[in-house]
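Residue numbers (the working numbering): -16 to 510.
A virtual CB, placed ideally from N, CA and C, is assigned to each residue, including glycine.
Okay, structure first, notes after.
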């Protein structure tokens, strides 16, 4: 295991160490190896190099093909002109023979066809070639019999097709072809050769071979290749500068976002990074990052509020318990006094357990939304369970506690959470209802929804507190008791109602108490 880990570490550390060792400080500062700018520039250069290579290779092939096509056209024109030249030469010869002295009958001489039929074609071709040579019109041409035997070879042809090239030339193309093309490779140069058959009465009379040096073509291609090889590095250099500039411009907003993000801290999560109005991924990144900052800010605030609420809600019961225990331990007490202390401790522990359970449910409220155990719940039965718990507490406080549930009302949800919702509303109502007051809980249905109301006869809620009543950890000041209570139960009520696709409302006319109404979707009873 250790060698594997060391190998992975060395594979990532060695390049960086080599760069730090062999590169001076300024390129390492301006050209960091692990940089998006460098990566983008390298990818851009690789793409440009690939495009230039493909374009240059294609252009080189097209240039070579175009030049070779020009050579072939010239050779083909020369080859096509030779039969006509031989025919014209023989007609002139025949005319001069008929007009020669001694030919008193002016009898025309034999035609070229007659000469070919008599097997005199080699003599005709030799006489034509000699005439061409005398007039300085010698061309790189060779004339062959259908069997491949040379009829006449111009010296210019021998210069272009030396003896070492005779081997490939001896393999003549198919006679049925109109024109055959060959490229002969020599030690000094390359030669282009075409072979054209000349037909007479459907038969091949002789073959014409015309040669041309490809030195001009090869020189042009070679010069073009050298020009491309010299141009590619220059183009890549200019492209690298352009790519570096474009990458710098494109990443400039990212640099600003990085700088602003580095200045953020847990104490300044209310700050946001600037959103570039680019309409692209960078703008989306900034918006997403600001949204993340918002969620982090809410999470930090939630954590602080949670800690503050936990300490605030638990500090008073713990102080009561500590005081009772201290008083009981100062001197011996009778049994009734110890029983009173234990009852006080039990009541305080019950209140602490309720508070801790509230805190735990609140801490799990966000992830719990997708893990609700959905089952049909009858609200009347649920209210009777709540009445069994809270009726004795209300009687001990001198408050009348009434529950009214006539017809069965079924909703879909988790009974434990719905019971917590009603318990929180009942606890809130008892806390703010004075002695001889009344707390009434009713349930019913209307317009396809169920409703549950908790009404008290307390002092009511001021209008400025109503909009914030269901916020997490909202601190509500009780005008009757002149103390603050950290809002936790009502925030849980709102969350439980929303998880069950419902809502919670509150109404509090001045001096007439408060009425909380929870609306939940109805469901069919289980069968």
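If residue i and residue j are in contact, beta carbons under 8 angstroms, what's the gap, nearest whole angstrom?
{"i": "residue 443", "j": "residue 496", "result": "6 angstroms"}
{"i": "residue 191", "j": "residue 136", "result": "Not really, about 12 angstroms apart at Cβ, beyond 8 angstroms."}
{"i": "residue 193", "j": "residue 51", "result": "About 15 angstroms; that fails the 8 angstroms criterion."}
{"i": "residue 377", "j": "residue 422", "result": "6 angstroms"}
{"i": "residue 35", "j": "residue 215", "result": "5 angstroms"}
{"i": "residue 365", "j": "residue 401", "result": "6 angstroms"}
{"i": "residue 145", "j": "residue 169", "result": "7 angstroms"}
Could you say which of the options lies nearest to residue i if we only look at CA atoms?
{"i": "residue 363", "options": "393, 334, 383", "result": "393"}
{"i": "residue 108", "options": "118, 127, 45", "result": "127"}
{"i": "residue 236", "options": "214, 266, 251, 226", "result": "266"}
{"i": "residue 71", "options": "384, 332, 262, 110", "result": "110"}
{"i": "residue 441", "options": "187, 328, 424, 415", "result": "415"}
{"i": "residue 122", "options": "28, 65, 510, 284", "result": "65"}
{"i": "residue 384", "options": "372, 391, 395", "result": "372"}
{"i": "residue 513", "options": "379, 340, 390, 278", "result": "With the chain represented from -16 up to 510, any question about residue 513 goes unanswered, as that position is not in the structure."}
{"i": "residue 325", "options": "310, 499, 161", "result": "310"}
{"i": "residue 180", "options": "170, 162, 46", "result": "162"}
{"i": "residue 274", "options": "177, 431, 254", "result": "254"}
{"i": "residue 207", "options": "402, 448, 477, 41", "result": "41"}
{"i": "residue 189", "options": "178, 198, 199", "result": "178"}
{"i": "residue 439", "options": "131, 409, 445", "result": "409"}
{"i": "residue 55", "options": "229, 447, 165", "result": "165"}
For residue i, which residues of its own chain have a beta-carbon under 7 angstroms away from its beta-carbon, when the five flanking residues on both sides are left out?
{"i": "residue 493", "result": "443"}
{"i": "residue 196", "result": "143, 172, 174"}
{"i": "residue 411", "result": "472, 473"}
{"i": "residue 252", "result": "276, 279, 280, 283"}
Rounded to a whole number of angstroms, what is the C-alpha to C-alpha distance between residue i and residue j?
{"i": "residue 453", "j": "residue 508", "result": "31 angstroms"}
{"i": "residue 419", "j": "residue 289", "result": "34 angstroms"}
{"i": "residue 74", "j": "residue 106", "result": "15 angstroms"}
{"i": "residue 484", "j": "residue 428", "result": "16 angstroms"}
{"i": "residue 374", "j": "residue 407", "result": "14 angstroms"}
{"i": "residue 486", "j": "residue 297", "result": "30 angstroms"}
{"i": "residue 6", "j": "residue 21", "result": "Here the model assigns residue 6 a pLDDT of 46, short of 50, so the residue's position is not dependable and the matter cannot be decided."}
{"i": "residue 513", "j": "residue 259", "result": "With the chain running from -16 to 510 in the structure shown, residue 513 is simply not present."}
{"i": "residue 234", "j": "residue 48", "result": "45 angstroms"}
{"i": "residue 257", "j": "residue 269", "result": "7 angstroms"}
{"i": "residue 424", "j": "residue 264", "result": "54 angstroms"}
{"i": "residue 43", "j": "residue 210", "result": "11 angstroms"}
{"i": "residue 176", "j": "residue 39", "result": "28 angstroms"}
{"i": "residue 218", "j": "residue 262", "result": "32 angstroms"}
{"i": "residue 329", "j": "residue 286", "result": "29 angstroms"}
{"i": "residue 437", "j": "residue 293", "result": "26 angstroms"}
{"i": "residue 498", "j": "residue 449", "result": "12 angstroms"}
{"i": "residue 361", "j": "residue 475", "result": "21 angstroms"}
{"i": "residue 201", "j": "residue 167", "result": "13 angstroms"}
{"i": "residue 243", "j": "residue 272", "result": "11 angstroms"}
{"i": "residue 129", "j": "residue 53", "result": "28 angstroms"}
Does the beta-carbon of residue i have 16 or more other beta-carbons within 10 angstroms, so that it is buried, or is it exposed?
{"i": "residue 116", "result": "exposed"}
{"i": "residue 308", "result": "exposed"}
{"i": "residue 61", "result": "buried"}
{"i": "residue 240", "result": "buried"}
{"i": "residue 317", "result": "exposed"}
{"i": "residue 333", "result": "exposed"}
{"i": "residue 388", "result": "buried"}
{"i": "residue 491", "result": "buried"}
{"i": "residue 140", "result": "buried"}
{"i": "residue 482", "result": "buried"}
{"i": "residue 321", "result": "exposed"}
{"i": "residue 212", "result": "exposed"}
{"i": "residue 528", "result": "Residue 528 lies beyond the stretch modelled for the chain, which goes from -16 to 510, so this question has no answer here."}
{"i": "residue 433", "result": "buried"}
{"i": "residue 33", "result": "exposed"}
Quick one: is residue i near chain B, going by C-beta distance under 9 angstroms?
{"i": "residue 390", "result": "Reference to chain B is not applicable here, since this structure consists of a single protein chain."}
Excluding the 5 residues flanking residue i on each side, which residues of the same chain have their C-beta closer than 8 angstroms to its C-beta?
{"i": "residue 222", "result": "27, 28, 31"}
{"i": "residue 480", "result": "404, 486, 487, 501, 502, 503"}
{"i": "residue 359", "result": "393, 394, 395, 506, 507, 508, 509"}
{"i": "residue 227", "result": "20, 24"}
{"i": "residue 300", "result": "331, 332, 334, 335, 338"}
I'd like the list of long-range same chain contacts for residue i, defined as Cβ closer than 6 angstroms, with 5 residues on each side in sequence excluded.
{"i": "residue 370", "result": "386"}
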